[in-house]
Amino acid sequence: MTTSMLPSSNKHITMDMETILHMKKGLGETSYAQNSSLQKKSMDTLKHIIIDSAIDVYISQSPDCFTMADLGCASGPNALSLVGDIIKTIGGACRTSSYPTPEFLVFLNDLPTNDFNEIFVSLPEFVSKLKIGGKTEESSSPLVYLTGVPGSFYGRLFPRKSLHFVCSCSSLHWLSQVPLGLFDGKNKPINEGKMYISHSSPPTVAMAYFKQFQKDFSLFLKSRSAEVVSGGKMVLAMLGRQTEDYTDKRTTYLWELLAQSLAMMVSQGEVEQEKLDAYNVPFYAPSVKEIEDEVHKEGSFTIDYLRAYEIDIRSGNAKEDGRIISMTIRAIQESMICHHFGGEIIDTLFQNYTKLLTESVEKEEIKSVQIGLVLRRM
Ligand code: SAH
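In this note's numbering, the protein residues as written are 193 to 570.
So, in structure tokens, the structure goes:
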């Protein structure tokens with residue numbers, strides 16, 4: 193549901209993600225392009241599964257044109273990284289076997305305000321790197337047709353039975369909206385002082401988040417079920433939980449520390465308490481079981497692989513890690529924070545956040561949990 197479909201009394205409590213949420217544009221110091229190394233690390237943990245799954249589909253279907261989509265591609269080096277690896281591997285495998293090299297149709301999807309231009313500008317370099325084995329003759333370059341698809345993956349994006357392969361990394365933990373249940377009948381925020389599920393949140397907060405996840409993920413599966421050909425596959429990676437505990441620290445601490453950084457600004461009179469109380473992130477880290485249940489309910493995919501695993505996001509240098517994590521979250525959250533609180537708070541807020549993160553990394557292990565999922569369309 194978008195803001196425009198809500199009763200007017202609810203309008204101030206939720207944001208229209210399709211027009212607001214975007215990773216920081218461009219190539220500047222605070223851009224997503226310069227601050228997405230942690231997402232690349234997460235992507236790399238599943239890279240072999242993504243490539244193997246794509247090859248599997250290619251071999252079983254042998255299409256003249258292999259059609260794939262990366263959902264939530266963002267901008268910067270990660271946007272073309274996976275599709276490039278898939279094209280190179282399938283192209284290379286075809287050269288050393290009897291399979292003809294297919295043409296490739298690549299759909300890069302993200303929300304409409306994503307910096308698609310930044311991706312398109314880097315296309316010539318991308319295509320030149322696809323030349324297998326560095327050969328320069330024309331025949332060694334697979335034919336790749338690439339197009340941007342602006343829109344929400346919580347809904348139909350592609351024609352029926354048009355995709356052989358879908359991948360999505362670090363995107364499906366974003367919900368379509370902040371859950372409406374985070375405000376009571378009088379529009380008063382119930383998750384005061386917090387921005388995600390926390391130990392101090394009333395139980396209804398976790399329920400509101402979980403319900404929104406169920407609604408969104410089932411719509412995602414239903415939409416892809418129409419679009420993926422029988423025998424096609426989807427490889428999905430998102431932040432998640434290894435336990436059923438909604439407040440598992442590994443999925444909540446980054447939001448806890450960001451709420452604390454805002455609370456510091458409230459005590460200095462730079463942010464209003466009510467603004468902090470009303471701010472919540474449209475994020476949910478599901479458990480393996482919660483994902484499995486939705487896949488079974490939807491019914492058109494079989495699960496080839498489903499696992500939650502820890503990723504250590506530290507490098508050994510607490511100060512550097514504090515800075516990297518802070519810049520990562522800033523590149524992701526800046527659009528929403530500026531919309532809600534105003535742009536003038538952003539530098540101080542993230543200075544506070546870097547400080548809290550650095551102290552926290554010095555004291556304890558910081559790990560995040562990722563869920564890897566491979567689905568096959570029946
Ligand atoms: N896949 C990239 C980007 C991850 S950042 C990587 O691994 O680095 C998450 C991306 O998902 C953002 O660009 C965000 O705009 C996008 N996103 C979030 N919700 C979305 C939705 N409903 N539909 C399409 N894209 C979405």
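Think of the CB as a built atom: it goes at the ideal place given N, C-alpha and C, for glycine as much as any other residue.
Per DSSP, cross-strand counterpart(s) of residue i
i	result
valine 358	Ala261 and Met426
serine 479	Arg433
aspartate 504	Lys559
glycine 377	Glycine 377 is not bridged to any residue.
arginine 499	Gly564
glutamate 526	None, per the DSSP bridge assignment.
valine 275	Valine 275 is not bridged to any residue.
tryptophan 447	According to DSSP, which records beta bridges pairwise, tryptophan 447 is partnered with nothing at all.
tyrosine 545	Tyrosine 545 pairs with nothing; no bridge assigned.
Residue i: CB within 7 Å of a non-hydrogen atom of the ligand GDP
i	result
glycine 264	Because the ligand GDP does not appear in the structure shown, any question about it cannot be addressed here, the ligands present being the ligand SAH.
Neighbour-count burial assignment, residue i, 16 or more Cβ in a 10 Å radius
i	result
glycine 424	buried
arginine 287	exposed
tyrosine 250	buried
valine 370	buried
aspartate 437	exposed
arginine 352	exposed
serine 507	exposed
lysine 203	For lysine 203, the predicted structure reports a pLDDT of 43, less than 50, and the residue's modelled location is therefore unreliable. The matter cannot be settled from this model.
glutamine 562	buried
threonine 546	buried
leucine 315	exposed
cysteine 359	buried
glutamate 210	buried
asparagine 309	exposed
arginine 569	buried
threonine 494	exposed
glutamate 419	buried
asparagine 509	exposed
cysteine 553	The question names cysteine, but residue 553 in the sequence shown is valine. Buried.
glycine 432	buried
lysine 386	buried
Residue nearest to residue i in terms of C-alpha spacing, selected from the options
i	options	result
valine 458	Lys511, Pro381 and Asn544	Asn544
glutamate 486	Arg442, Phe405 and Lys323	Phe405
leucine 364	Leu303, Pro316 and Met430	Met430
tyrosine 401	Ser229, His214, Leu367 and Gly283	Leu367
serine 518	Leu549, Met260 and His214	Leu549
cysteine 361	Tyr476, Gln231 and Ile503	Gln231
aspartate 504	Ser560, Ala271, Ile241 and Gln434	Ser560
asparagine 383	Glu295, Asp277 and Leu468	Leu468
isoleucine 247	Gly284, Ser273 and Met570	Gly284
serine 417	Tyr346, Ala477 and Ile389	Tyr346
valine 566	Leu428, Asn509 and Glu512	Leu428
serine 254	Ser234, Ala271 and Ser289	Ser289
isoleucine 243	Val275, Thr305, Ile495 and Leu498	Val275
threonine 293	Lys511, Cys257, Asp236 and Phe412	Cys257
lysine 572	Phe475, His488, Phe533 and Leu454	Residue coverage of the chain in this structure runs from 193 to 570, which leaves residue 572 outside it and unanswerable.
tyrosine 337	Leu349, Gly343 and Leu322	Leu322
serine 390	Thr439, Val473 and Asn306	Thr439
lysine 233	Glu557, Thr520, Phe533 and Glu462	Thr520
serine 273	Asn306, Pro342, His214 and Met235	Met235
Cβ of residue i within 8 Å of any chain B Cβ
i	result
alanine 470	Protein chain content of the structure displayed is limited to a single chain, and chain B is not contained in it.
Which of helix, strand or coil DSSP assigns to residue i
i	result
arginine 188	No answer is possible for residue 188: the residues shown for the chain start at 193 and end at 570.
histidine 204	Its pLDDT being 45, under 50, histidine 204 is placed unreliably in this model, and the value from its coordinates should be taken loosely. The answer is helix: DSSP assigns histidine 204 an H, G or I state.
aspartate 307	coil
valine 553	helix
proline 342	strand
threonine 439	coil
asparagine 472	coil
asparagine 270	helix
aspartate 539	helix
glutamate 176	The requested residue 176 does not occur in the structure, where the chain is confined to residues 193 to 570.
leucine 349	coil
asparagine 301	strand
threonine 494	strand
leucine 420	Looking at the sequence itself, residue 420 is valine, so the reference to leucine does not match. It is a strand residue.
tyrosine 337	strand
serine 390	coil
Query - Any 3 or more C-beta pairs closer than 8 Å across the stretch 390-402 and the stretch 520-540 - result: no
Report task. Please confirm if the stretch 213-226 is in contact with the stretch 524-531, defined as three or more CB-CB distances below 8 Å between the two stretches. Result -> yes
Query raised in the report: Within the chosen definition, does the stretch 292-300 reach the stretch 254-270 through at least 3 CB pairs nearer than 8 Å?
Result: Contact between the stretch 292-300 and the stretch 254-270 is present: three or more C-beta pairs spanning the two stretches fall below 8 Å.
Query raised in the report: Does the stretch 443-450 come close enough to the stretch 369-385 to have 3 or more Cβ pairs within less than 8 Å?
Result: no
Query raised in the report: Does the pairing of the stretch 464-479 with the stretch 266-285 give three or more beta-carbon distances under 8 Å?
Result: no
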